[in-house]
Amino acid sequence: WQSQQNPDSLRFKYNFIADVVEKIAPAVVHIELYRKMIFSKREVAVASGSGFVVSEDGLIVTNAHVVANKHRVKVELKSGATFDAKIKDVDEKADIALIKIDTPQMKLPVLLLGRSADLRPGEFVVAIGSPFSLQNTVTTGIVSTTQRGGKELGLRNSDMDYIQTDAIINYGNSGGPLVNLDGEVIGINTLKVTAGISFAIPSDKIRQFLAESHDRQSKGKTHQKKKYIGVRMMSLTPALAKELKERQSDFPDVTSGAYVIEVISRTPAETAGLQESDVIISINNERITSASDVSAAIKRDETLRTVVRRGNEDVILTIIPEEIEP
1 WQSQQNPDSL RFKYNFIADV VEKIAPAVVH IELYRKMIFS KREVAVASGS
51 GFVVSEDGLI VTNAHVVANK HRVKVELKSG ATFDAKIKDV DEKADIALIK
101 IDTPQMKLPV LLLGRSADLR PGEFVVAIGS PFSLQNTVTT GIVSTTQRGG
151 KELGLRNSDM DYIQTDAIIN YGNSGGPLVN LDGEVIGINT LKVTAGISFA
201 IPSDKIRQFL AESHDRQSKG KTHQKKKYIG VRMMSLTPAL AKELKERQSD
251 FPDVTSGAYV IEVISRTPAE TAGLQESDVI ISINNERITS ASDVSAAIKR
301 DETLRTVVRR GNEDVILTII PEEIEP
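Just so we're aligned, residue 1 is where the sequence shown starts under UniProt numbering, counting upward by one.
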């Protein structure tokens, strides 16, 4: 303890990661989803993730997939206090959700959004989450590249731009903040594709989502009913396919499509038999070259006759999208 207080000690001088964590941890929350059992009135926790507070009156940002499927959402603060949360807005495509807790007696600690456009490759980042109650996990790394996905495909306005980092992102810290050394949020921890490759949704996209959401709420228009299939995916580009092939020898021989990172349990995608690591290559006889193509098909069609490349074979699945209750 003395060494920490001594300004000349190395621990005191160089533990900048611990300093960042101390600063941001109070605003990171643990999120649990509960579902009523069919035969009894009992509720069971079916999934959990992390989120972070963006307004003193209880607005919290997380991943859309953390709160998917109409469950009851509970939020636990670092203090141990728990609250029921209302889902205010969801953007399935960008995988961002806004939820709200009511804390009339408390001003909550908040995190500020940094500018992800200013990020430099090689910059230190810290991913933090709250996978279990009253506990934070911290991983750290650098920014590997600041734009992945849409820009590589030449899509100017793609909704699939991610920050790539080697900080480990896992189920527990998914939905939590990825921050720079000033403690500003520069992304939402979203997914780990494979060892050493994780992705975060850039803070500039979060800012845009919050602004649009605020506009909708103030005009009294909350989000329209949206359809979902319950899958997390990203656009497969030749560069990403090459990277994945180097790390996974059984990676399918395709260079475009939508790469399935996770199938969420008890969703239409799971019911249809979609699996992790499948590559969606066509839906209703139309070629799929990006995750956006899949999102468009979900919006447009009642039934999705889906061809996926699994290992070396093509598998045909029928997926029926469901509506998300606002």
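We put the beta carbon where it would ideally sit given N, CA and C, even for glycine.
All values reported here derive from a predicted model rather than from experimental measurement.
Please confirm whether residue i and residue j have their CB atoms less than 8 Å apart.
i, j, result
"R309", "H65", "no"
"L111", "P177", "yes"
"I169", "K192", "yes"
"V46", "L33", "yes"
"L274", "L304", "no"
"I188", "G175", "yes"
"T190", "N63", "yes"
"S116", "P202", "yes"
"V125", "T82", "no"
"L113", "E184", "yes"
"V179", "I24", "yes"
"A167", "T139", "yes"
"S50", "V28", "yes"
Closer than 7 Å by C-beta to residue i: which residues in its own chain qualify, once you throw out the five before and the five after it? Chain order, please.
i, result
"L119", "V143, T146, I163, I186"
"E86", "The identity of residue 86 in the sequence shown is Lys, whereas the question assumes Glu. Closer than 7 Å at the Cβ level, and outside the excluded window around K86, lie I99, K100."
"F209", "D91, A94, I96"
"E152", "Note that E152 scores 44 on pLDDT, short of 50, meaning its location in the model is unreliable; the coordinates nonetheless yield the value given after this. Contacts found: T237, A239."
"F16", "L181"
Does the Cβ of residue i have 16 or more other Cβ atoms within 10 Å, making it buried, or fewer, making it exposed?
i, result
"I229", "buried"
"V67", "buried"
"L10", "exposed"
"E276", "exposed"
"F251", "buried"
"E302", "exposed"
"A211", "exposed"
"V279", "buried"
"V44", "exposed"
"G150", "At G150 the pLDDT is 44, less than 50, meaning the model places this residue with poor confidence; the figure from the coordinates comes in the next sentence. Its Cβ being crowded by 16 or more others within 10 Å, G150 is buried."
"D161", "buried"
"N284", "exposed"
"G257", "buried"
"K226", "buried"
"G311", "exposed"
"F39", "exposed"
"S79", "exposed"
"S198", "buried"
"S295", "buried"
Can you tell me where the beta strand (DSSP E) with residue i in it begins and where it stops?
i, result
"E32", "28-36"
"R42", "Taken as a continuous stretch (DSSP letters only), R42 belongs to no beta strand (DSSP E), as it is neither H nor E."
"E313", "313-319"
"T255", "That residue, T255, is in no beta strand (DSSP E); it is neither H nor E in DSSP."
"A127", "124-132"
"L304", "304-310"
Between which two residues does the alpha helix (DSSP H) harbouring residue i extend?
i, result
"I298", "291-300"
"N19", "Note that residue 19 is Asp in the sequence shown, not Asn. Its alpha helix (DSSP H) spans residues 16-24."
"T271", "268-272"
Regarding residue i and the ligand ADP, is the C-beta to nearest heavy atom distance less than 7 Å?
i, result
"A296", "The ligand ADP is not part of the structure shown, which contains no ligands of any sort."
Keeping to the same chain, check which residues put their C-beta closer than 6 Å to that of residue i; ignore five residues upstream and five downstream.
i, result
"N157", "Note on N157: pLDDT 40, under 50, position unreliable in the model; the coordinate value appears next. Within the same chain, N157 has no close Cβ partners at all."
"I320", "P268, T303"
"V315", "V308"
With a threshold of 8 Å on Cβ separation, who are the neighbours of residue i within its own chain once the five nearest residues in sequence on each side are excluded?
i, result
"G154", "In this predicted model, G154 has a pLDDT of only 39, less than 50, meaning its place in the structure is not dependable enough to derive any value."
"Q217", "K88, D89"
"N6", "F12"
"E286", "D293, A297"
"E262", "H65, L191, V231, R232, E276"
Notebook entry, point to check: Hey, which unbroken runs of the alpha helix (DSSP H) at 4 residues or more fall wholly within the region 211-252?
Noted result: 238-247
Next item on the list: Enumerate, from N- to C-terminal direction, the unbroken beta strand (DSSP E) stretches of 3 or more residues contained entirely within the region 154-202.
Entry: 161-165, 177-179, 185-194, 197-202
Next item on the list: Taking only runs that begin and end inside the region 84-112, name each unbroken alpha helix (DSSP H) of 4 or more residues, in chain order.
Entry: none
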